[in-house]
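Per this note's numbering, residue 198 is the first one in the sequence shown, and the count goes up by one each step. This report refers to the structure that appears directly beneath it.
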Amino acid sequence: MTEPLILAVPKGRILEEALPLLAAVGIVPEAAFSDKNSRALRFATNNPAIDLIRVRAFDVATFVAHGAAHLGIVGSDVLAEFDYSELYAPVDLGIGHCRISVAEPVALAEQDDPRGWSHVRVATKYPHITRAHFEARGVQAECVKLNGAMELAPVLGLAPRIVDLVSSGRTLQENGLVEVEVIAQVTSRLIVNRAAFKTRASEVVPLVDGFRKAAA
198 MTEPLILAVP
208 KGRILEEALP
218 LLAAVGIVPE
228 AAFSDKNSRA
238 LRFATNNPAI
248 DLIRVRAFDV
258 ATFVAHGAAH
268 LGIVGSDVLA
278 EFDYSELYAP
288 VDLGIGHCRI
298 SVAEPVALAE
308 QDDPRGWSHV
318 RVATKYPHIT
328 RAHFEARGVQ
338 AECVKLNGAM
348 ELAPVLGLAP
358 RIVDLVSSGR
368 TLQENGLVEV
378 EVIAQVTSRL
388 IVNRAAFKTR
398 ASEVVPLVDG
408 FRKAAA
C-alpha cells in the first residue's frame, strides 16, 4: 500500500483562510485538527490517501523541499526568502494577502527620505529578501536576524528599522512605527516537491488541478 501524500499547512492566519480551500478540494481534517488542546502535529483526513502536518510557515517550505512532505501551502514571502530549487509553486491560492515592508519609528520617518539611504541597519526575519531589495538600489543592508517581536528592535535600539510582514498595519501603529517602503506584495501558494510531482503524478496532478479550480 502506498504511503499517504503529506500536505504541510502553516499555523495561524493563513490556515484559517486555507481550510475552505481544502474543503473545496475534498480534504477535511480529522476532529483533533480543530482541537485547541491537541499537541498532535500530523493528522488524518477524510481521504485515507492524504495526511496533513501543521508546522510553522517558514518550515512548510523546508519540509516540502526536502521531500518530508509532498505538498504545502505557504506565503510567497517564504518562497522568496529560501528560493529552494526543489519546489514548484503551480497555484497562487489568492489567500493570505499582505506585504513585506520597511518600517521605522514615526519620529524618524518625519525627517527621513528613503531615496537618500546608502547604508541601513535592519531587524528582520527576511535577510535574503532585505539584502536583495537594498542591493538593487545600491544600498548596503546590515541585517539583524530576528524570528519575532520585530517591532521591539527600534524601540530598544537593536536596529532603527525593520522589514516585516504587514497586513492591517495595526501592530506597527501600536508600536509607534510607520511603513516607509513596500518591498513586495504577498499571497499564499500551493507548493509541490518536484520529485513527488514526477513520481506520484497520478495523485498529485489531480490535487493541483483541484486547488487551481478552488482558487479560481
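Each residue gets a CB set at the ideal place from its N, CA and C atoms; glycine is no exception. Just so you know, these numbers come straight off a predicted model, no measurement behind them.
What residue range does the beta strand (DSSP E) around residue i cover?
i, result
"GLN382", "374-383"
What is the residue span of the alpha helix (DSSP H) that residue i lies within?
i, result
"GLY293", "Here GLY293 belongs to no alpha helix (DSSP H), and DSSP marks it neither H nor E."
"PRO351", "349-352"
"GLY407", "398-412"
"ALA237", "It is not in any alpha helix (DSSP H) - ALA237 carries neither H nor E in the DSSP assignment."
"PRO324", "324-332"
"ALA277", "273-279"
"LEU369", "367-371"
"GLU307", "303-307"
Between the C-alpha atoms of residue i and residue j, what's the straight-line distance to the nearest angstrom?
i, j, result
"VAL320", "LYS342", "Going by the sequence as given, residue 320 is Ala instead of Val. Each residue's alpha carbon lies about 6 Å from the other."
"MET347", "ASP361", "7 Å"
"ALA392", "ALA221", "26 Å"
"HIS316", "THR327", "12 Å"
"ASP274", "PRO324", "12 Å"
"ALA266", "ALA286", "14 Å"
"ALA215", "VAL225", "11 Å"
"GLY234", "ALA228", "At residue 234 the sequence reads Asn, which differs from the Gly that was named. Their backbone Cα atoms lie some 12 Å apart in a straight line."
"GLU378", "VAL389", "31 Å"
"LEU212", "VAL336", "36 Å"
"GLU339", "VAL252", "29 Å"
"HIS294", "LEU218", "15 Å"
"PHE141", "VAL402", "Nothing can be reported for residue 141, as the shown portion of the chain is limited to 198 through 413."
"ARG409", "GLU400", "15 Å"
"LEU204", "GLU278", "21 Å"
"PRO245", "THR199", "11 Å"
"GLY345", "GLN370", "17 Å"
"ALA300", "ASP309", "12 Å"
"LEU268", "LEU202", "8 Å"
"SER231", "PHE331", "41 Å"
"GLU283", "ARG236", "30 Å"
"GLY354", "LYS322", "17 Å"
"LEU290", "ALA350", "32 Å"
"ARG334", "ASN243", "50 Å"
"GLY313", "SER364", "27 Å"
Give me the DSSP bridge partner(s) of residue i.
i, result
"PRO226", "THR242"
"GLU339", "ARG318"
"ALA254", "DSSP output for ALA254 lists no bridge partner at all."
"ASP361", "SER298"
"ASP248", "ILE203, ALA241"
"LEU387", "ILE270, VAL288"
Among residues of its own chain, excluding the 5 on either side of residue i, which ones have a beta-carbon nearer than 7 Å to its beta-carbon?
i, result
"LEU305", "PRO357"
"TYR281", "ALA258, ALA262"
Residues in the same chain with beta-carbon distance under 6 Å from residue i, minus the five sequence neighbours each way, listed in chain order, please.
i, result
"ARG367", "none"
"ARG415", "Here the chain covers residues 198 to 413 and nothing more, so residue 415 does not appear."
"VAL405", "PRO287"
"SER385", "ILE211, ILE270, GLY272, LEU290, ILE292, GLY293"
Apart from the five residues just before and just after residue i, which ones in its own chain have a Cβ nearer than 8 Å to its Cβ?
i, result
"ALA254", "PRO207, LYS208, GLY209, ILE211, VAL271, GLY272, VAL275"
"VAL303", "GLY373, LEU374, VAL375"
"PHE240", "PRO226, GLU227, ALA229, PHE230, ASP248, LEU249, ILE250, ARG251"
"VAL383", "GLY272, SER273, ASP274, GLY293, HIS294, CYS295, ARG296, ILE297, LEU362"
"GLY264", "GLU283, ASN390, ALA392, ALA393"
"ILE359", "VAL299, ALA300, GLU301, VAL319, ALA320, THR321, MET347, GLU348, ALA350, PRO351, LEU374"
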